[in-house]
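The sequence shown maps to residues 2 to 339 in the numbering used here.
Working notes, structure below.
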Amino acid sequence: EDVVNKIAAGEIIVAPVHALKELIENAVDAGSTSLEILVKDGGLKLLQITDNGAGIQKDDLPVLCERFTTSKLKAFEDLQAIGTYGFRGEALASISHIAHLTVTTKPSDSSCAWKAHYASGKLAPAKPGQAADPKACAGRQGTQILVEDLFYNVPTRRRAFRSASEEYAKIAELVGKYAVHCKAVAFSCKKHGEAGAGIAVPGTAGVKDRIRTVHSSAIANELLEVDVGNRQYGFKAEGLVSNANYSGKRTTLLLFINHRSVESSAIKKAVEQTYAMFLPKGGKPFVYLSLDIDPARVDVNVHPTKREVNFLNEDEIIELICDDVRDRLGKVDTSRTF
Ligand code: ADP
Ligand code: MG
């Protein structure tokens with residue numbers, strides 16, 4: 002059974018960034034206003050995420066990493082349950098099967114923090130021979146998750162990684178997306194042992210300043226607001242997209258559906274086509290879109306390894322968004338030169 006769990010987990014979490022995505026979403030769901038991320042060896046040696054959210058009750062710690070353990074209400078689940086997983090309560094369980102997991106947490110009504118280690122879904126001792134029970138310790142309100150030696154027991158997966166810097170680049174890209182999207186949340190992301198470098202966004206920063214910090218002033222200075230919705234299709238889209246004065250080498254698409262970062266090659270293709278009429282040949286846009294879609298219209302039961310999301314009336318919704326972008330692009334003076 003353990004082997005099955007391990008294999009299943011290794012298929013869902015293929016790279017460190019997939020584990021981190023789940024941890025970021027958990028921290029945000031817990032109402033955190035600060036997320037600090039530390040990464041060692043592209044996340045293979047260490048992924049550490051410290052939040053200041055609601056914390057986890059001590060009584061919940063023994064079952065925390067069992068499959069389908071979730072504190073999230075059905076309605077909330079449906080609303081949020083898209084992204085890497087089509088089903089819930091599996092992230093921590095999966096991680097515990099393929100890494101050494103340590104959770105330190107302090108809810109606001111607890112006088113101390115509690116620290117627990119996990120292996121293969123269960124509480125485990127910190128060192129062989131010790132007790133597996135959570136231990137009282139000092140700590141601030143919130144939760145710190147340590148994921149160490151990811152894939153230590155999945156050698157084939159481990160060998161598949163070519164470079165730590167490639168894995169770190171994926172992590173920085175993901176953190177950058179959430180740092181733009183999660184207003185009122187402070188983000189930091191650092192490589193272990195490196196001062197300064199990384200992402201640092203204060204909680205007070207507005208969206209444009211977040212884009213300036215994570216991306217560039219060249220982008221932040223050339224943004225148009227997008228705001229479009231439709232009752233019939235049960236969606237609303239808001240965002241900031243580059244105008245025709247900005248022309249990048251690659252399309253940057255920050256896409257959130259119901260506040261989860263997702264991929265959509267259909268949306269990417271459509272926006273590229275929309276911009277093709279406005280940008281010099283080969284020029285690519287920056288697009289940040291936050292879509293709220295009636296959860297009943299989103300397919301949450303996609304295979305867990307599938308990172309794309311499906312929703313009803315996809316073509317119509319994409320067309321409405323692109324029409325809005327096209328209208329706004331058309332109204333901007335593109336004769337300015339720099
Ligand atoms: P899910 O998020 O689908 O509920 P997870 O395996 O990701 O499943 O997490 C299991 C449960 O652990 C969550 O429902 C939540 O109660 C708790 N949890 C995980 N991370 C945190 C966190 N950073 N702060 C507070 N609670 C957390
Ligand atoms: Mg989760």
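Ideal placement from N, C-alpha and C gives every residue a C-beta, glycine not left out.
Note that the coordinates shown come from a computational prediction; the quantities given were computed from them, not determined experimentally.
Here E37 has T51 and S189 as same chain residues with Cβ atoms under 6 Å from its own Cβ, once five neighbours each way along the sequence are excluded. With a cut-off of 7 Å, the C-beta of I57 is classified as near the ligand ADP, since at least one heavy atom of the ligand falls inside that distance.
The count of Cβ pairs closer than 8 Å, one atom from the region 269-286 and one from the region 190-205, stays below three, leaving the stretches out of contact. Going by beta carbons, A10 and I99 fall inside the 8 Å limit. Assigned with DSSP and collapsed to three states, L175 falls in helix.
Judged by the Cβ position, E223 fails to qualify as a neighbour of the ligand MG at the 7 Å threshold, every heavy atom of the ligand being at least this far. In the structure shown, the three-state DSSP call for S33 is coil. It is roughly 21 Å from the alpha-carbon of Y169 to the alpha-carbon of F257.
Put simply, the region 58-77 does not touch the region 177-185. Fewer than three CB pairs are less than 8 Å apart. The Cβ atoms of V148 and S33 do not sit closer than 8 Å to each other. For T214, the secondary structure class from DSSP, reduced to helix, strand or coil, is helix. By the criterion of at least three beta-carbon pairs nearer than 8 Å, the region 247-256 is not in contact with the region 318-330. The ligand ADP approaches S72 closely enough that one of its heavy atoms is under 7 Å from the residue's Cβ. Going by DSSP, K270 is part of the alpha helix (DSSP H) stretching over S266 to A277. DSSP places N231 inside the beta strand (DSSP E), whose first and last residues are L224 to N231. Per the C-alpha coordinates, the member of V242, L45 and R261 positioned closest to V155 is L45. G331 carries a helical assignment under DSSP once its states are collapsed to helix, strand and coil. CA-to-CA, the gap between G240 and L255 works out to about 9 Å. Taking 8 Å as the cut-off, the beta carbon of D293 is found no closer than this to the beta carbon of N314.
At least one heavy atom of the ligand MG falls within 7 Å of the beta-carbon of A92. Of all alpha-carbon atoms in V263, E264 and P286, the one lying nearest the alpha-carbon of Q274 is that of P286.
Counting along the chain, E12 sits inside the alpha helix (DSSP H) bounded by residues D3 to I13.
Taking C-alpha positions only, G140 is separated from A114 by approximately 5 Å.
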